[in-house]
Every structure is written in C-alpha cells, then in structure tokens.
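Visitor: Protein chains in written order, with my numbering: chain S, 584 to 992; chain P, 584 to 992.
We put the beta carbon where it would ideally sit given N, CA and C, even for glycine.
Remember, it's a predicted structure, so these values are computed and weren't measured experimentally.
Protein chains: 2
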Amino acid sequence: MKNCIVAQSGGPTAAINASLSGVIAGVMNSQEFDTIYGSVNGITGILEQRIVNLSTLFASGKPMLDKLIQTPAMYLGSCRYKMPAANEDPEVYKAIFRFFEEHEIYAFFYIGGNDSMDTVDKLSAYAASIESPVRIIGVPKTIDNDLCLTDHTPGFGSAAKYVASTLLEIAHDAYIYRADSVTIVEVMGRDSGWLTAASVLARTHYSAAPHLIYLPECAFSPEEFLADVKQLLTKQHHVIVAVSEGIRDKDGQYISASSNTVDNFGHSQLSGVGKTLEYYVKEQLGVKVRSIELNVLQRCASHLASKTDLDEAFRLGQHAATCALSGQTAVMLTYQRTSNAPYTITYGTAPVCDIANKAKDVPRSFINERGNDVTVDMIDYLTPLIQGEASIQYENGVPAYLPVDHLLS
Amino acid sequence: MKNCIVAQSGGPTAAINASLSGVIAGVMNSQEFDTIYGSVNGITGILEQRIVNLSTLFASGKPMLDKLIQTPAMYLGSCRYKMPAANEDPEVYKAIFRFFEEHEIYAFFYIGGNDSMDTVDKLSAYAASIESPVRIIGVPKTIDNDLCLTDHTPGFGSAAKYVASTLLEIAHDAYIYRADSVTIVEVMGRDSGWLTAASVLARTHYSAAPHLIYLPECAFSPEEFLADVKQLLTKQHHVIVAVSEGIRDKDGQYISASSNTVDNFGHSQLSGVGKTLEYYVKEQLGVKVRSIELNVLQRCASHLASKTDLDEAFRLGQHAATCALSGQTAVMLTYQRTSNAPYTITYGTAPVCDIANKAKDVPRSFINERGNDVTVDMIDYLTPLIQGEASIQYENGVPAYLPVDHLLS
C-alpha cells in the first residue's frame with residue numbers, strides 16, 4: 584500500500600482549495616497511490632483522528648475537483664496550532680509518525696503559509712532524525728505574498744484582484760458627490776504590503792484612485808499623511824487612500840486604535856488603522872471622511888477570484904505528487920517567473936528550512952521615495968497575477984460551492 | 584424643440600445606471616425628443632449649470648449604453664440637497680423652471696429614493712401651481728427597498744445578491760476553525776430590514792448561516808440575542824449573525840456604539856452596531872467574535888449585480904419616456920409582481936405624493952415570532968430578485984466601467 588495525506592493550515596485564500604484540488608488530481612492521475620487522505624483542521628486532524636478519505640469523496644473526478652477549485656476558504660478546515668520543538672514534546676511527533684506508519688503514508692502535503700511551513704520544516708527535520716521515508720512537502724498559500732524563494736504565492740493574485748476591483752468600485756461610489764471627501768480603505772497585511780500595493784491596479788485612465796498608498800515596509804508619519812491629503816484636496820474633491828493594517832511609525836509602533844492582543848504565534852492582532860486615520864482626518868482637516876475595512880472578503884471572495892491564480896494554484900498542487908514521487912522531501916513548491924511579457928512561470932521547489940519563519944518584504948525599489956505610493960516595477964510585477972476571471976457557477980442566485988458538512992460536525 | 588433632462592440623486596446602487604441607460608435608450612428610441620440632457624449632481628446641476636448632453640455622449644448607442652448598465656454608483660453624480668418648500672424659497676423653483684423653459688424641457692426624470700421622491704413631489708406640485716406643461720417623473724432606486732407602491736426597487740436585487748453571496752463566503756471562512764466563534768455581519772438599512780433579510784438567501788443544504796437575523800422592524804433585546812447565541816453554541820461551533828445597522832431597543836434607542844449625528848434630512852448617521860454586538864458577545868460570553876461591516880460594497884459592487892435587477896431597471900428606465908409622452912406627470916414608476924412562479928412583473932406608475940416621505944417596512948408576517956429570523960414568505964418574495972449574473976467586462980484584470988471624468992472636474 585502506498586498512501587498519502589494532505590491538510591490545509593493558516594488563513595483562508597480563494598485559491599487554497601485550487602491547490603488542494605491539484606494535489607488530489609495529481610495523486611489520482613499518477614496512479615501510484617492507493618488512497619489519498621485528508622486531515623481535517625490541519626495537523627490537528629492527525630493528532631485527533633479527524634481523517635477523511637479523499638479518494639472516495641472525489642471518486643467522481645473532474646466535476647467535483649472543478650467545483651473544489653472555485654470554493655472559498657478551506658475545504659479541509661484549518662488550525663492555528665504551533666508545533667512544539669521536537670526535543671520539548673516528542674510525543675506529538677511520535678503520534679504523527681505513528682499515524683503515518685499505520686496508514687502506510689508515503690507523502691504528507693501541507694498547504695499553508697509561513698506558520699505552516701514552520702510545521703513542514705519541523706516535521707522534515709524530525710523525519711530525517713528518525714530516518715523516516717515519509718516525504719514532507721509544503722505547498723504555499725497566503726494572500727500576504729510574503730513567502731521567500733517563490734515569485735509569488737497562490738491566493739495572492741485573487742486577493743489582489745479583489746482589492747483592486749473593489750477599490751475601483753469604492754472610487755466610483757466616492758466620486759458621486761461634489762463635496763470634498765477622504766476615503767480610507769484598510770487592507771490586510773500585518774508585516775508586508777504586497778496586498779495593499781495591489782490597490783494600485785485600480786487605477787484607470789479616468790480614475791487615479793488610490794491617490795495614496797501606505798505599506799508597512801515604510802515608517803508612517805501621520806503629519807506627512809495629513810499634509811499629503813491636504814495638498815491633494817487643493818486640486819481635487821476626492822482623496823482615496825489604501826493603507827495596510829500593519830503600518831507603523833518610525834519607532835515601530837502600530838498605527839492602530841485597537842488594544843494589542845497576541846495570537847498563538849506571537850503576532851499582534853490588529854484592527855482599526857482605518858478608523859485611526861479617519862479620526863486624524865476628521866480632527867485635523869475637518870473634511871468628510873469614511874474608512875472601509877475590506878475584512879475577510881479579500882481572502883474568501885471566490886466569486887471574484889483571479890483565473891491566473893486558480894490555474895497556477897491547481898498546477899502547483901499537481902506538481903506536489905510529482906515531487907514526492909521523485910523522492911523530494913523537506914521542500915516547499917515554488918513559482919519561478921521566467922518572463923513578464925508574455926508572462927510565464929515554471930514550477931519548482933526550494934528547501935523549506937530556507938523559507939519557514941522568514942518573510943519576503945516589499946523591496947524598497949517597489950515603493951516611491953516619499954513612501955506614499957508604489958513604483959512602476961511593482962505594477963509590472965503585479966499586473967499578470969490578477970488576469971482572467973474564474974467562471975463561478977451560481978445556484979439560486981448565490982455561488983454554488985462545495986458543501987463542507989464535515990467541518991460542521 | 585422637445586428636449587428632456589435626467590438626473591440621479593441619493594445613495595448609489597448597482598442598478599441606478601441601468602435605469603439611466605434605460606431612460607436614455609427609451610428617449611432615443613422614441614424619436615420624439617431632440618436632446619436628452621443630464622444634470623450633474625442631481626437637481627443641483629440645474630441650479631448650478633452643470634449640464635451634459637447625453638444625446639451627444641451616447642450617440643454611439645448600444646455599446647456605451649450597455650457599459651453604462653454595468654457601471655456602479657452614479658454616472659451623473661448625486662446630491663443630498665433637500666428642496667425647500669415652494670412658499671419658503673420660491674427662487675429655487677423659479678430657477679429650475681426657468682431652466683426648463685430656456686432648454687425647452689418637456690420632461691424631467693429624477694432617479695432616486697425616498698428623499699428624491701420628495702423633490703419629485705415638490706416639483707410636481709409647483710408645476711401644477713404654475714400650470715407648467717413639464718412632465719415630472721420619478722424613477723425609483725434604493726438598496727433599502729423601502730419605497731411604497733412598488734413591489735420592489737431597482738438596486739435592491741443586486742444589493743441583496745451581494746449580501747447573500749458574500750455572507751455565504753463569510754460562512755465558509757468562519758467554518759474552517761473548530762473553536763467556537765461568533766461572526767456578526769452588519770448590513771445597511773437604517774429603518775427597514777429588507778436588505779438584512781436578504782442574507783437568508785445565503786442558506787444552503789449544508790450551511791444554515793445566517794443563524795440569526797435581526798431587522799429594525801422588531802425591537803432588539805441584547806439579553807435575548809445573547810441567550811440565542813449561547814443556545815446555538817451548545818449545538819454548533821459557529822454562529823453567524825446578520826444584523827441591520829438600524830436595530831433599536833424597545834424604547835426606540837439605536838443599538839449602536841457611535842455618537843448620534845444627523846444628516847441634512849434629519850436622519851441619524853449610524854455606524855457601529857456590529858462592533859456593539861461584538862462587544863456584548865466578548866464581554867458576556869467570552870467567545871471568539873468578529874464583526875464585519877459590509878459597508879459601501881453592498882451598494883456599489885457591480886461585479887456581483889443581479890441580472891434580474893439590471894434588466895428590470897433598464898426596462899423601467901425605458902418606460903419613463905413612454906409615460907412622459909403619454910402625458911403622465913407627478914408619478915413614480917413602479918413594478919407590479921403578477922406572478923411568483925414563474926416570476927413576472929409589469930411596469931406601471933403611482934402618484935408620487937403617495938410615495939414621497941413614506942416608507943415601506945417589512946411586514947410583521949415576514950419576520951418570525953421571536954424576531955430573530957425571517958419567514959418563508961420573505962424567502963419567496965426575495966428569491967426571484969437575485970437571479971442571474973451580470974456579464975461584466977474586465978480590462979487588465981479589473982472591471983471595465985464607464986469613465987466618470989465629468990464628475991471629477
């Protein structure tokens with residue numbers, strides 16, 4: 584028997600199920616595996632025995648795999664479980680590898696972001712230490728686009744398309760009144776500004792919105808921000824600002840109205856930068872101002888997914904089976920951009936130890952000198968990633984997604 | 584010369600430009616008019632001489648009219664101008680009717696909601712008082728669906744489709760974790776709950792979200808709300824709540840964290856009911872909770888418009904020219920539902936004086952006894968309105984909308 588198991592972890596994206604669909608399709612099409620299992624709620628599904636048989640669930644093949652591609656969030660559920668160090672809590676590792684042995688697991692595929700790659704790295708190191716033959720393969724995803732050694736990440740293109748498209752719609756909404764107004768759109772991105780930068784793709788020949796773009800990679804000055812808004816209002820009625828939730832001042836303090844709480848990974852939980860800037864504008868400039876938090880829609884709006892993103896994520900998932908069968912382990916799958924015009928990529932791998940617990944910031948050359956806009960290099964990088972529209976099926980007026988009953992029991 | 588003029592007023596909807604497109608098409612196709620003008624920023628465009636020639640702008644016909652149908656917000660811009668009473672400030676009326684005379688205006692079409700129908704009513708009464716031959720015709724629009732004497736309003740179906748579709752996506756997003764959680768989705772609707780009620784259309788055979796629905800038509804009890812959430816959490820991990828921004832307690836006080844400010848029409852400006860309920864849940868139940876404000880996207884997300892809504896809005900707009908030419912005035916166009924299965928409507932008119940400054944609340948029979956859900960009558964009413972998807976064109980990855988340069992000068 585040669586089986587494998589796949590799981591998903593971290594936050595949702597519109598493309599993480601496309602990767603899952605690709606993994607399942609790749610495994611099935613290889614005809615090298617007997618069964619592909621799914622662990623429900625990430626690695627905790629293995630620890631708590633919540634396993635589904637994906638070979639059975641997706642026995643009908645293409646129609647269900649296609650529907651999975653277009654289903655938002657995570658079909659197998661997620662977890663925010665931080666793996667302990669192997670020398671601190673070896674029982675967790677023993678339990679996982681006991682499961683692998685009992686179920687004759689040849690490969691474990693973990694689809695996730697930075698924190699999930701930490702899990703992949705730790706399991707890979709443990710597998711090496713006990714000379715386990717199980718291949719451990721990381722499949723990237725994150726709307727933050729902050730994983731190293733890959734040109735971009737699955738899920739980012741769809742989130743970017745959502746941010747750009749909705750920002751354009753928000754601009755149309757703001758333009759209807761003649762009175763001066765400021766609209767602040769808060770975009771996800773705790774430490775990296777890729778997704779906020781993607782708002783630049785909302786610009787058209789008639790609309791320059793967003794007029795200001797602030798990323799966490801540059802220190803934010805409330806004084807400069809207010810000066811920039813004031814200056815713009817001398818020549819136009821409407822100022823639309825895209826701002827990352829994670830912007831900080833020159834001392835590294837978050838510009839945020841919320842109290843700081845910390846999640847399981849030690850990340851500060853943020854909210855409220857939009858409200859904070861709204862308050863600054865109202866108090867200091869006395870102009871009509873509104874803040875809009877794009878919230879979870881930017882990561883789960885499959886109805887507005889990028890076809891390029893979904894297609895790539897599916898193919899990357901398919902590549903996972905190939906890599907495992909060729910003997911690779913302790914790696915994360917990657918995209919390498921081979922050309923920008925026409926846009927082409929290849930699928931590769933990189934050592935997961937070089938990726939876990941690292942983050943790819945926006946390079947300074949992608950941000951303008953004043954730190955309130957992005958450069959043409961950024962636009963050239965981003966543009967191919969949001970091309971094409973997913974052809975979502977609708978049923979009774981709402982999107983027809985794959986049922987997730989198994990997450991609700 | 585026989586000319587006409589059209590304007591838009593109030594808040595944006597995804598369908599108000601479809602009505603405008605219909606008005607222009609109806610006027611052009613009738614071949615009875617020389618020129619159709621557009622007043623920019625509602626009635627204030629006439630007062631301040633901001634007029635565009637729509638006959639020229641849309642001379643190319645169908646391609647641009649089609650693109651207009653799919654463009655969000657308001658092509659001609661809006662205003663929040665409250666007409667003074669004619670006996671208090673006759674100069675305003677004289678200026679408007681002087682403009683009509685000078686431009687040989689045969690008909691004035693005003694596309695808007697309750698407040699705009701107040702303008703239509705006042706202008707109609709004034710026209711009658713001076714025996715002006717100008718036909719004054721109201722074309723309804725509002726995402727609130729609260730205009731009387733029409734089965735529903737243009738723009739509501741698209742907003743309803745947005746609310747239902749995104750709520751389903753938010754549910755998928757929430758379901759990924761096993762930990763108990765409460766998600767509160769705040770929907771627009773100051774005084775009427777139609778749009779919040781439309782969240783019910785997110786329910787599928789696998790997802791019962793929203794599990795609780797609160798409309799302004801029923802007094803809201805924080806105690807009962809917390810008891811309902813607590814009860815649901817004994818049998819499921821995830822509780823998703825749809826709540827109207829305008830819910831009030833038994834004494835009529837808004838359930839809202841915001842300070843009360845008042846706009847030009849004397850309406851309280853609301854925000855923060857989602858945050859308020861989030862606070863209740865966090866403090867009283869100690870469970871993970873998130874609030875999501877759908878914000879302006881629910882009224883301007885043309886990428887997710889209802890085809891039924893856009894088609895009807897266009898036809899209603901076309902009907903405007905017919906009504907004016909048949910001599911009608913002082914009326915608002917209306918939809919009459921003639922059958923629910925199959926769904927059919929006819930286009931009619933009603934006296935605007937019976938509509939202005941009135942509001943159509945959700946009938947009590949459309950809300951369940953406990954006031955935390957809607958009934959099957961509501962679902963039957965709503966379902967046809969969100970059917971079909973607009974076929975939006977994209978350019979470079981974002982929707983290709985009609986340029987609105989004339990609003991930005």
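Kindly indicate if chain S contains any beta-carbon less than 8 Å away from that of Cys883/P.
Guide: yes
Visitor: Which partner residues of Cys587/P appear in the DSSP bridge assignment?
Guide: Per DSSP, Ile619/P and Ala690/P.
Visitor: Sorted by chain position, which residues of the same chain lie with C-beta nearer than 8 Å to Tyr863/P's C-beta, five sequence neighbours on each side aside?
Guide: The beta carbon of Tyr863/P sits closer than 8 Å to the beta carbons of Pro805, Phe808 and Leu809 from its chain, once the five residues preceding and following it are set aside; these are given in chain order.
Visitor: Using only alpha-carbon positions, find the residue among Gln614/S, Leu659/S, Glu615/S and Asp649/S that is nearest to Asn636/S.
Guide: Leu659/S
Visitor: Going straight from the alpha carbon of Arg718/S to that of Phe803/S, what length do you get?
Guide: 44 Å
Visitor: Taking the alpha-carbon positions, what's the Leu853/S to Pro655/P distance?
Guide: Low confidence applies here, because Leu853/S scores a pLDDT of 43, under 50, leaving its location unreliable; read the following figure in that light. Leu853/S and Pro655/P: Cα-Cα distance of roughly 31 Å.
Visitor: Out of Lys585/P, Tyr837/P, Ser622/P and Thr749/P, point me to the one whose CA is closest to Ser613/P's CA.
Guide: Closest in alpha carbon position to Ser613/P, among Lys585/P, Tyr837/P, Ser622/P and Thr749/P, is Lys585/P.
Visitor: How would you list, in chain order, the residues of chain P whose beta-carbon sits under 9 Å from the beta-carbon of Glu674/S?
Guide: Residues of chain P passing the Cβ test: none, with the nearest at roughly 21 Å.
Visitor: Got a sec: is the Cβ-Cβ distance from Tyr664/P to anything in chain S below 8 Å?
Guide: For Tyr664/P, the answer is no, since every Cβ of chain S falls outside 8 Å of its Cβ.
Visitor: Closer than 8 Å, CB to CB, is Lys744/S near chain P or not?
Guide: yes
Visitor: Judging by CA-CA distance, which residue of His989/P, Thr749/P and Glu800/P is the nearest neighbour of Pro785/P?
Guide: Looking at the sequence itself, residue 785/P is Ala, so the reference to Pro does not match. The residue with the shortest Cα to Cα distance from Ala785/P is Thr749/P.
Visitor: What three-state label does DSSP hand Asn624/S in the structure shown?
Guide: coil
Visitor: Give me, in chain order, the residues of the same chain whose beta-carbon lies closer than 6 Å to that of Asp811/P; leave out the 5 immediate sequence neighbours on both sides.
Guide: Leu795 and Asn955
Visitor: For a contact meaning CB atoms closer than 9 Å, what does Leu784/P contact in chain S?
Guide: Asn979, Gly980 and Val981
Visitor: Which one of Tyr758/P, Glu861/P and Leu880/P has the shortest CA to CA distance from Pro986/S?
Guide: Tyr758/P
Visitor: Is there a Cβ from chain P that is less than 8 Å from the Cβ of Ile679/S?
Guide: Ile679/S does not count as touching chain P.
Visitor: What residue does the alpha helix (DSSP H) around Glu674/S start on, and which one ends it?
Guide: Its alpha helix (DSSP H) spans residues Pro673 to Glu685.
Visitor: Would you mind sorting Gly625/S into buried or exposed? The rule is 16 or more other CB atoms within 10 Å of its CB.
Guide: buried
Visitor: Taking only beta-carbon positions, decide if Thr749/P is within less than 8 Å of chain S.
Guide: It does: the Cβ of Thr749/P has a partner Cβ on chain S nearer than 8 Å.
Visitor: Leaving out five residues on either side along the sequence, give the residues of the same chain with a beta carbon under 6 Å from the beta carbon of Asp944/P.
Guide: Within the same chain, and ignoring the five residues on either side of Asp944/P in sequence, the residues whose Cβ sits closer than 6 Å to its Cβ are Ser775 and Glu800.
Visitor: So with CB distances below 7 Å, who are the chain S contacts of Ala708/P?
Guide: By Cβ distance, chain S contributes nothing, its closest Cβ being about 27 Å from Ala708/P, past 7 Å.
Visitor: So, is the C-beta of His886/S closer than 8 Å to a C-beta in chain P?
Guide: yes
Visitor: Listing by chain order, which chain S residues have their CB less than 9 Å from the CB of Tyr620/P?
Guide: The premise fails here: Tyr620/P is roughly 18 Å from chain S at the closest Cβ pair, so nothing lies under 9 Å.
Visitor: State the CB to CB distance for the pair Ser889/S and Gly740/S, rounded to an integer number of angstroms; the pair is presumed to be in contact (CB under 8 Å).
Guide: 4 Å
Visitor: Taking the alpha-carbon positions, what's the Phe691/S to Cys587/S distance?
Guide: Phe691/S and Cys587/S: Cα-Cα distance of roughly 6 Å.
Visitor: Is the separation between the beta-carbon of Val765/S and that of Pro793/S shorter than 8 Å?
Guide: no
Visitor: According to DSSP, is Leu637/P helix, strand or coil?
Guide: helix
Visitor: Look at the Cβ atom of Ala780/S, then the Cβ atom of Leu751/S, and state whether they are nearer than 8 Å.
Guide: 8 Å or more divides the Cβ of Ala780/S from the Cβ of Leu751/S.
Visitor: For a cutoff of 8 Å on Cβ pairs, would you count Asp756/P as touching chain S?
Guide: yes
Visitor: For Ile720/P, tell me which candidate among Arg953/P, Gly900/P and Arg663/P has the shortest Cα-Cα distance.
Guide: Of the listed residues, the one whose Cα sits closest to Ile720/P is Gly900/P.
Visitor: What does the alpha-carbon distance come out to for the pair Ile975/P and Ser622/P?
Guide: 26 Å
Visitor: How about Val870/S and Val826/S: are their beta carbons less than 8 Å apart?
Guide: no
Visitor: Which runs of the alpha helix (DSSP H) spanning at least 4 residues fall entirely within the region 935-970 of chain S, listed in chain order?
Guide: 959-965
Visitor: Which bits of chain P does Asn728/S rub up against, with CB to CB less than 9 Å?
Guide: What Asn728/S touches in chain P: nothing, since even the nearest Cβ is about 16 Å away.
Visitor: Are there 16 or more other CB atoms within 10 angstroms of the CB of Tyr926/P, so buried, or fewer, so exposed?
Guide: exposed
Visitor: According to DSSP, is Leu795/S helix, strand or coil?
Guide: Looking at Leu795/S - three-state DSSP - the assignment turns out to be strand.
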